[in-house]
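Structure, as structure tokens:
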């Protein structure tokens with residue numbers, strides 16, 4: 001366990017809410033903040049101003065191994081924790097997140113760059129709802145019995161997989177982490193989670209807020225570049241499942257790794273976003289949609305069909321909108 005340097009303070013513009021951050025964030029392993037094994041950190045910059053937000057652990061394979069050690073140490077205990085107790089913990093996590101909604105939303109905006117109205121009205125509330133949803137689902141899950149013959153029945157029941165690896169994208173950092181973490185925890189699994197290198201902050205703050213609610217080692221967060229530690233986690237024979245959200249190319253590799261280890265895999269990958277622009281839509285509005293729905297919303301409008309009556313839809317229109325200026329339609 002390490003001591004962090006004195007805190008830095010970021011003031012998010014006109015919103016009047018001071019976001020107090022540590023100058024440096026370590027990995028969250030075994031219920032403690034643990035410095036990276038190699039002692040290296042990287043600068044986490046905000047896309048809002050390009051300034052430094054904080055330093056974050058730049059981890060390697062040894063850090064993944066430490067996280068896997070911590071998860072395996074507690075996996076049996078967590079798996080045998082009653083459904084009622086696991087659900088109660090997930091409800092408490094949701095309550096803590098709700099109590100700190102403004103903090104998490106502000107951090108997400110500064111780390112990711114999306115408007116505060118989206119993080120505070122959509123991203124964080126949806127993340128909270130996922131914990132409550134899966135806390136309820138696990139209480140309602142049942143097994144089943146089927147008759148094989150007059151003297152034999154088959155009893156089907158659900159049991160945890162064990163330790164699962166989860167790799168999170170940068171466009172919805174906290175929401176995607178919640179999508180993966182909440183069902184895994186509800187089902188009795190332990191988690192080793194790697195946030196996106198560009199946007200680790202909201203997940204790290206989440207662990208500061210809720211880390212004491214979980215037994216040490218149930219959730220472990222390891223930061224760093226996906227090319228090294230993401231691949232090492234996905235290829236590890238010590239995980240029972242891997243979940244990944246990101247590019248199709250990397251998803252194909254993740255699927256191959258899972259196939260080699262004969263484990264299940266969940267993939268959410270990139271794709272095309274075809275859109276049709278009719279004649280009654282103004283050119284500036286078209287350009288605004290392209291700007292707003294770039295990769296942050298998984299709707300980058302990479303394939304566009306334009307009505308023949310729209311000759312003024314041009315790069316110039318898009319660039320004017322991108323720079324925040326409004327000109328009369330041509």
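Residue numbers (the UniProt record's numbering): 1 to 330.
Positions of the beta carbon are idealized from the N, C-alpha and C atoms, including for glycine.
Just so you know, these numbers come straight off a predicted model, no measurement behind them.
- [ ] At 3 residues or longer, and completely inside the region 32 to 97: list those beta strand (DSSP E) runs for me, N to C.
- [x] 32 to 34, 41 to 45, 52 to 57
TODO: Confirm, please, whether the CB-CB distance from residue 91 to residue 123 is below 8 Å.
DONE: no
Task: Contact set for residue 157: own chain, Cβ-Cβ below 7 Å, skip 5 residues either direction - done: 143
Task: residue 241 (DSSP reduced to helix, strand or coil) - done: strand
Open item on the list: Do residue 116 and residue 105 have their beta-carbon atoms positioned less than 8 Å apart in this structure?
Closed with: yes
Open item on the list: Does the structure place the region 221 to 229 close enough to the region 253 to 266 that three or more beta carbon pairs sit under 8 Å?
Closed with: no
Open item on the list: Using CA atoms only, rank isn't needed, just tell me which of 28, 103, 202 is closest to residue 68.
Closed with: 28
Open item on the list: Measuring straight from C-alpha to C-alpha, what distance separates residue 262 and residue 165?
Closed with: 14 Å
TODO: Give me the Cβ distance between residue 44 and residue 34, rounded to the nearest whole Å; I'm assuming they're in contact under 8 Å.
DONE: No, residue 44 and residue 34 are not in contact; Cβ-Cβ is about 18 Å, not under 8 Å.
Open item on the list: Using a Cβ-Cβ cutoff of less than 7 Å, which residues in the same chain neighbour residue 179 once the five nearest sequence positions on both sides are dropped?
Closed with: 130
TODO: Use the C-beta contact count for residue 109: other C-beta atoms within 10 angstroms, 16 or more gives buried, fewer gives exposed.
DONE: buried
TODO: Would you please state the rounded distance, in angstroms, between the beta carbons of residue 213 and residue 64? I believe it to be under 8 Å.
DONE: About 24 Å separates the two Cβ atoms, so there is no contact after all.
TODO: With a 10 Å radius around its C-beta and 16 neighbouring C-beta atoms as the bar for buried, classify residue 146 as buried or exposed.
DONE: exposed
Open item on the list: Could you pull the DSSP bridge partners for residue 131 from this structure?
Closed with: The partner list for residue 131 (beta bridge, DSSP) is empty, contrary to what the question assumes.
TODO: Return the CA-CA distance between residue 6 and residue 113, expressed in angstroms with no decimal places.
DONE: Its pLDDT being 44, under 50, residue 6 is placed unreliably by the model, and the measurement read from it follows with that caveat. For residue 6 and residue 113, the distance between alpha carbons rounds to 25 Å.
- [ ] Would you kindly work out how many angstroms separate the C-alpha atoms of residue 184 and residue 53, rounded to a whole number?
- [x] 30 Å
- [ ] Might you give, ordered along the chain, the residues of its own chain that have their beta carbon closer than 8 Å to the beta carbon of residue 260, omitting 5 neighbours on each side?
- [x] 235
Open item on the list: Here's the rule I'm using: 16 or more other beta-carbon atoms within 10 Å means buried, otherwise exposed. How should residue 93 be labelled?
Closed with: buried
Open item on the list: Just list the residues that DSSP pairs residue 190 with in beta bridges.
Closed with: 163
Open item on the list: Just to confirm the assignment, what range does the alpha helix (DSSP H) spanning residue 151 have?
Closed with: Neither: residue 151 is in no alpha helix (DSSP H) and is coded neither H nor E.
- [ ] Can you tell me which of the three DSSP states residue 19 falls into?
- [x] strand
Task: residue 75, buried or exposed, once every other Cβ within 10 Å from all chains shown has been counted against 16 - done: buried
- [ ] Note down the Cα distance separating residue 85 from residue 38, rounded to an integer number of angstroms.
- [x] 37 Å
Task: Residue closest to residue 219, alpha-carbon to alpha-carbon, out of 30, 101, 87 - done: 30
Open item on the list: Can you find the residues in the same chain that come closer than 6 Å, C-beta to C-beta, to residue 270, ignoring five residues on each side of it along the sequence?
Closed with: 247, 248
TODO: Assuming residue 190 contacts residue 210 (C-beta within less than 8 Å), just tell me the rounded distance between them.
DONE: Not confirmed; about 15 Å, so no contact.
Open item on the list: Distance check for residue 159 and residue 187, CA to CA, integer angstroms please.
Closed with: 7 Å
TODO: Would you kindly check if the distance between the Cβ of residue 192 and the Cβ of residue 207 is under 8 Å?
DONE: no
Task: For residue 249, the first and last residue of its enclosing beta strand (DSSP E) - done: Unbroken run through residue 249 is the alpha helix (DSSP H), 248 to 261; no beta strand (DSSP E).
TODO: Use the C-beta contact count for residue 280: other C-beta atoms within 10 angstroms, 16 or more gives buried, fewer gives exposed.
DONE: exposed
- [ ] Less than 8 Å between the CB atoms is what I'm expecting for residue 103 and residue 205, so what's the real figure, rounded?
- [x] 7 Å
- [ ] Classify residue 155 as buried or exposed, calling it buried when 16 or more other Cβ atoms lie within 10 Å of its own Cβ.
- [x] exposed
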